[in-house]
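Residue numbers (this note's numbering): 681 to 1055. All C-beta atoms in this analysis are idealised placements derived from N, C-alpha and C, irrespective of residue type, glycine included.
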Ligand code: PHE
């Protein structure tokens, strides 16, 4: 009796085992992280779409290393603690050999030390704060960094908008928004402009009137708001209620269809710096816009483009590495020289790509491409 059970068990195990092993060996598993819920949920939707489109294309062409690619997605909820949990899970439980993501700098800063310690390469898609890749040599990003983005915004405000006085508003609990306002301030001052207000607010607040009243009293020509779209929309409305008529200028955190939806006319005639413009005539951009729109029935924003690019950069590196070993992939990533939707990617010594920025105007309730600024 006992014996026959053991035989049956043995047969069952030997029948299952090859499949388990086989499935694993047939796939290359990578992790993908983005905020699908929380204060910046539209960032996560676009980012996940970008990952999935790139992976589907590689798989249709035969995958990488002769295997299909499986992207395990995790929602970081826009929260650093949640970010740390999901990066750990992707590495330890899902055995991801590499990770793409995430979006928000404050969350990438929580994931980066985990990847670095595990020697698992990561490419943050849209995290522009310089500290992110500073964590270590396994941490890369697909986007430009905020010293450049802040400079572009300041030059645009000073040269194009002819602003002499500017005031900055930012989230004190967010490395990205605080850093970006500081970089703007440095450049605007260096150009000969004057920063007449520099006010932080707490994360999660919805009343900005105290800060706005204070900075508007100094009569700025321009308000530089380096927040994410959800805060920008409220700040814009409250600034208009308080009588401010000038333009608001900001960074990539403005990129969401929700901004105009919530703020309406309050953001009309305002400007922000971003990573790409869907109007760009380059064939690689138009090809991406066409494929993305066909699949998701929505135009791709910068988050989608950067997620698509990060995935392509990572899969290209895995292919060139000829292996799923983290150190081998890291070595291949360093040598990246790839044309992607948001530009030509080559990493500098700090694992940041050197890329152009675009300026977008909000006009007639639409995002309108204005100009491209090279580094
Ligand atoms: N740059 C932002 C950050 O670092 C994230 C972001 C990128 C948001 C692009 C919107 C568009 O936190």
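Any contact of the region 987 to 999 with the region 722 to 736, i.e. 3+ C-beta pairs under 8 Å?
Yes, since at least three Cβ pairs between the region 987 to 999 and the region 722 to 736 fall closer than 8 Å, the two stretches touch.
Proximity winner among 950, 786, 1012, relative to residue 1042 (alpha-carbon distances)
Start at 1 with the first residue of the chain shown, and residue 1042 comes out as number 362. Nearest to residue 1042 by alpha-carbon distance, out of 950, 786, 1012, is 950.
Note down the Cα distance separating residue 756 from residue 764, rounded to an integer number of angstroms.
Position 76 of the chain shown, counted from the start, is the residue given in the question as residue 756. Position 84 of the chain shown, counted from the start, is the residue given in the question as residue 764. Rounded to the nearest angstrom, the two C-alpha atoms are 8 Å apart.
Would you tell me roughly how many angstroms separate the C-alpha atoms of residue 772 and residue 753, rounded to the nearest one?
Reading the chain shown from its first residue, position 92 is the one you call residue 772. Reading the chain shown from its first residue, position 73 is the one you call residue 753. Cα atoms of residue 772 and residue 753: separation of roughly 14 Å, rounded to the nearest angstrom.
Entirely enclosed alpha helix (DSSP H) segments - the region 736 to 778, minimum 4 residues:
Segments of the alpha helix (DSSP H) lying fully in the region 736 to 778: 760 to 772.
Taking Cβ positions, are residue 621 and residue 800 nearer each other than 8 Å?
Outside the displayed span of the chain (681 to 1055) sits residue 621, for which this structure offers no information.
Residue 802 bridges to which residues according to DSSP?
Along the chain shown, one-based indexing puts residue 802 at 122. Partner(s): 779, 819.
State the beta-bridge partners of residue 891 as determined by DSSP.
Taking the chain shown and counting its residues from 1, the one referred to as residue 891 is at position 211. According to DSSP, which records beta bridges pairwise, residue 891 is partnered with nothing at all.
Please determine if the region 1009 to 1024 and the region 835 to 853 are in contact, where contact requires at least 3 C-beta pairs separated by less than 8 Å.
With fewer than three CB-CB distances shorter than 8 Å, the region 1009 to 1024 does not count as touching the region 835 to 853.
Does DSSP classify residue 795 as helix, strand or coil?
Mapped onto the chain shown, residue 795 falls at position 115. Three-state result, residue 795: helix.
So, at 6 Å on beta carbons, what are the nonlocal neighbours of residue 743 in its own chain, with the 5 sequence-adjacent residues on each side left out?
Locating residue 743 in the chain shown gives position 63, counting from the first residue. Short of 6 Å from the beta carbon of residue 743, and not among the five residues preceding or following it, lie these beta carbons of its own chain, in chain order: 749.
Please state whether DSSP places residue 921 in a helix, a strand or coil.
Taking the first residue of the chain shown as 1, we reach residue 921 at position 241. Of the three classes helix, strand and coil, the one that applies to residue 921 here is helix, per DSSP.
What is the DSSP secondary structure of residue 988, counted as helix, strand or coil?
Start at 1 with the first residue of the chain shown, and residue 988 comes out as number 308. Secondary structure at residue 988: helix, using DSSP grouped into helix, strand and coil.
Rank 838, 1048, 1012, 1044 by C-alpha distance to the C-alpha of residue 778 and give the top, closest one.
Position 98 of the chain shown holds residue 778. Looking from the CA of residue 778, the closest CA among 838, 1048, 1012, 1044 belongs to 1012.
At the level of alpha carbons, what is the spacing between residue 781 and residue 869?
Walking along the chain shown from the start, residue 781 turns up at place 101. Walking along the chain shown from the start, residue 869 turns up at place 189. Each residue's alpha carbon lies about 34 Å from the other.
Look at the alpha carbon of residue 984 and the alpha carbon of residue 899, and state the distance between them as a whole number of angstroms.
Translated into positions along the chain shown, residue 984 becomes position 304. Translated into positions along the chain shown, residue 899 becomes position 219. Distance between residue 984 and residue 899, taken at the CA atoms: about 37 Å.
Would you tell me roughly how many angstroms separate the C-alpha atoms of residue 1033 and residue 1051, rounded to the nearest one?
What you label residue 1033 is simply residue 353 of the chain shown in a count that begins at 1. What you label residue 1051 is simply residue 371 of the chain shown in a count that begins at 1. Straight-line Cα distance between these residues: approximately 20 Å.
Please state whether the Cβ-Cβ distance between residue 998 and residue 1007 is less than 8 Å.
In the chain shown, residue 998 corresponds to position 318, counting from 1. In the chain shown, residue 1007 corresponds to position 327, counting from 1. At the C-beta level, residue 998 and residue 1007 stay beyond 8 Å of one another.
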